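Scroll down for the structure; my scribbles are underneath it.
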Amino acid sequence: MMKMLRTQHQKGFTLIELMVVVVIVSVVTSISILSLGASDQNKLTAQQNQLKTLLVLVRDQSTFDRKLYLVVPEKTGLTTHVFIENKWKESPKIEFLAWQPGLTASWEVDEAFAQQQQLPEAGWMFWPTGDVLEGTVVFSVGKDDGSIASEKENTAKVAWNDMLQFDADTEDMLDETP
0 MMKMLRTQHQ KGFTLIELMV VVVIVSVVTS ISILSLGASD QNKLTAQQNQ LKTLLVLVRD
60 QSTFDRKLYL VVPEKTGLTT HVFIENKWKE SPKIEFLAWQ PGLTASWEVD EAFAQQQQLP
120 EAGWMFWPTG DVLEGTVVFS VGKDDGSIAS EKENTAKVAW NDMLQFDADT EDMLDETP
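Taking numbering that gives the first Met the number 0, the leading residue of the sequence shown gets 0, the next gets one more, and so forth.
Following this line, the structure appears as structure tokens:
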């Protein structure tokens, strides 16, 4: 008889059971949202590291080969050129660096310098002495129009000076930026 009474009263979920389910769903949802944001940040960090690695590689290659190199930014990535036989050619030693999917880049290059030096395109020059033309690249997530995202967490910046010292190493460069 006791068993019959119990089964008659259990025709649904208790309030506590419903609250536990709601809490679990909330936690899972918030974790997934946080992980999506972390994914964007991971993309930005990976792209920053790839850019820094490429710039160091080009500087070292320029010094080793005793040749002028030029890194040209484009909408889809970076192309490296080398000055061989009195002309600029795409470097056979350094591959094209593509931007990560979902990221856009904006950059600062010295157009006047490119015209004065008769470069094929504006970019950052690398001399055999180890000197480089300073520059800045800003990566942003979720903007396809080429403009810089306004939210700080959706952007990442790489800036370097003429000795190829990056961001934290060049405090005076960082103080000049807004």
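Beta carbons: idealized from backbone N, C-alpha and C, even for Gly.
It should be emphasised that the depicted structure is a prediction, and the values quoted were computed from it without experimental measurement.
Could you round the C-beta distance between residue i and residue j to whole angstroms and report it? I think they count as a contact, below 8 Å.
i: Val70; j: Val57; result: 6 Å
i: Trp98; j: Gln46; result: 7 Å
Please report the straight-line C-alpha distance between residue i and residue j, rounded to a whole angstrom.
i: Asn160; j: Val131; result: 8 Å
i: Ile15; j: Ile30; result: 23 Å
i: Ile83; j: Gln116; result: 15 Å
i: Gly101; j: Gly11; result: 46 Å
i: Thr28; j: Val22; result: 10 Å
i: Thr103; j: Met18; result: 43 Å
i: Phe125; j: Gln60; result: 9 Å
i: Met162; j: Trp87; result: 23 Å
i: Val26; j: Val20; result: 10 Å
i: Val157; j: Lys42; result: 14 Å
i: His80; j: Ala113; result: 13 Å
i: Ala148; j: Ser90; result: Since pLDDT at Ala148 reaches only 45, below the 50 mark, its modelled position is unreliable, and no value is offered.
i: Leu53; j: Asp166; result: 16 Å
i: Glu175; j: Pro119; result: Because Glu175 sits at a pLDDT of 44, beneath the cut-off of 50, its placement in the model cannot be relied upon, and the following sentence gives the value as read from the coordinates. About 29 Å.
i: Thr13; j: Val24; result: 17 Å
For residue i, which beta-bridge partners are listed by DSSP?
i: Gly134; result: Trp159
i: Ile23; result: DSSP lists no partner for Ile23.
i: Thr79; result: Val70
i: Trp165; result: Note that residue 165 is Phe in the sequence shown, not Trp. Trp159, per the DSSP bridge assignment.
i: Trp87; result: Phe82
i: Lys28; result: Note that residue 28 corresponds to Thr in the displayed sequence, not to Lys. Answer is none; Thr28 lacks a bridge partner.
i: Ser38; result: Answer by DSSP bridge pairing: none, since Ser38 is not bridged.
i: Val140; result: Leu102
i: Thr154; result: Ser139
Nearest CA to the CA of residue i: which residue from the options?
i: Glu110; options: Trp126, Phe95, Pro100, Gly134; result: Gly134
i: Leu96; options: Val19, Arg65, Leu50; result: Leu50
i: Ala121; options: Leu77, Phe138, Met162; result: Leu77
i: Trp106; options: Thr154, Val55, Ser38; result: Thr154
i: Phe63; options: Glu94, Phe165, Gly129; result: Gly129
i: Lys74; options: Tyr68, Ala113, Ser139; result: Ser139
i: Lys92; options: Asp166, Gln40, Asn48, Tyr68; result: Tyr68
i: Val108; options: Val136, Glu89, Leu54; result: Val136
i: Gln164; options: Val55, Thr44, Lys66; result: Val55
Q. Where in the segment 102 to 136 do unbroken runs of the beta strand (DSSP E), each at least 3 residues long, occur, reported from the N-terminal end onward?
A. 102 to 107, 123 to 125
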